[in-house]
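Down below is the structure, laid out as structure tokens.
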Ligand code: SF4
Ligand code: SF4
């Protein structure tokens, strides 16, 4: 299984007077120092907004293709699990043409992760049936939303649906079928890489669809679909907006709300957060991660016992500018 430090970072470029990524990051997870933007991964939710707006195309993401090639050269059986977004990306009706192309790349086989989506839907239905108390359940199907809750709304962690994702269900299914294989998940975005760190995960590598396209182009491999596929998994709808809620269908006693896009998701999360009794101090600490300026007592900066660890711990290497009012009072402390 791949172990790695950083999923997403910026290359060394001159960021002077740009700040487009900083302005567009929905969770303020970017700092610029010495004309170089840096992503603070402990805050980043891997939405890739910053990458889309960067005029210098400064993306530097985790690249697992060399490790996959290495496994193939060492005769390891490598199986691909493809997120159903591949249908739209390649304009095909099914997996057959892609399976052949991926075999030419060195994969032993390729399968549609919609198979994992069917298992995940069954799990959701079982969890809904067990739900006795009224409450809110937040889908954990999208890794970006899971990261948003974990890193920015931790008090809602208990509301995340306790189910493995489509990717994880499919990897477990494939590992039963091919016990010695290593599994590569092909995702429409990099956020799935964040799931590699989850306990119980059986995926070995994650690459994006765009990386797969570039890999095929480099090897001169194209996709030929001999004939349209007749059998279509309904669970492929997971790849479209509202797909999950449609697939779940009507469940007695459950009202569903489908939201898309970061703004809508945050509106809903914040509305739910207000229903909880949240400690104002802890909440202000959480909010301080998003703030450009913090007004606080001297102790939170200068007292080694009381300083705010999230900013001043040994691992915190950020540069801050302090405006100290009535500094003569410091001597008294
Ligand atoms: S990926 Fe999204 S959350 Fe992470 S730094 Fe970029 S814009 Fe911010
Ligand atoms: S958008 Fe790109 S060029 Fe601009 S500050 Fe961010 S990383 Fe630098």
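In this note's numbering, the protein residues as written are 286 to 618.
Glycine included, each C-beta is placed from N, C-alpha and C at the ideal position.
Residue 468 carries a strand assignment under DSSP once its states are collapsed to helix, strand and coil. Counting every other CB atom within 10 Å of its CB across the protein chains shown gives residue 512 a total below 16, marking it as exposed. Assignment of beta strand (DSSP E) within the stretch 338–391, counting only whole runs of 3 or more residues, yields 344–346 and 363–367 in chain order.
DSSP places residue 314 in the coil class of the three-state scheme, outside both helix and strand. Exclusion of residue 294 from the 6 Å shell around ligand 2 follows from its C-beta lying no nearer than that to any non-hydrogen atom of the ligand. Leaving aside the five residues that flank residue 539 on each side, the residues in its chain whose CB is nearer than 6 Å to its CB run, in chain order, 413. For residue 310, the Cβ falls inside the 6 Å cut-off from some heavy atom of ligand 1. Pairing residue 300 with residue 317 gives a Cβ-Cβ distance under 7 Å.
Per DSSP, residue 582 lies in no alpha helix (DSSP H) and is assigned neither H nor E. A heavy atom of ligand 1 is found nearer than 6 Å to the CB of residue 334.
Less than 7 Å separates the beta-carbon of residue 457 from that of residue 487. Apart from the 5 residues on each side of it in sequence, residue 515 has no Cβ closer than 6 Å to any other Cβ in its chain. Of 365, 404 and 295, the smallest CA-CA separation from residue 342 is found for 295. Looking from the CA of residue 322, the closest CA among 438, 586 and 310 belongs to 310. In this chain, residue 453 is not harboured by any beta strand (DSSP E); it is covered by the alpha helix (DSSP H) spanning 451–462. Beta-bridge annotation (DSSP): residue 530 is not paired with any residue.
According to DSSP, residue pairing for residue 445 in a beta bridge involves 423. Of the candidates 520, 315 and 439, the residue whose Cα lies closest to the Cα of residue 339 is 315. Less than 7 Å divides the Cβ of residue 438 from the Cβ of residue 554. Annotation: residue 365 to residue 471 spans about 7 Å, alpha carbon to alpha carbon. In the DSSP assignment, residue 608 falls outside any alpha helix (DSSP H), carrying neither H nor E. Following the DSSP letters along the chain, one finds residue 490 inside the beta strand (DSSP E) bounded by residues 490–493. In this structure, 426 is the residue among 395, 359 and 426 with its C-alpha nearest to the C-alpha of residue 526. Within a 10 Å sphere around the beta-carbon of residue 401 sit 16 or more other beta-carbons, which makes this residue buried.
Between residue 353 and residue 491, the C-beta spacing is not below 7 Å. Residue 482 and residue 610 have their C-alpha atoms spaced approximately 44 Å apart. According to the DSSP assignment, residue 323 belongs to the beta strand (DSSP E) that extends over 321–324. In the structure shown, residue 399 adopts helical secondary structure according to DSSP, grouped into three states. At a cut-off of 4 residues, the continuous stretches assigned as alpha helix (DSSP H) that sit fully inside the stretch 492–523 are 494–504.
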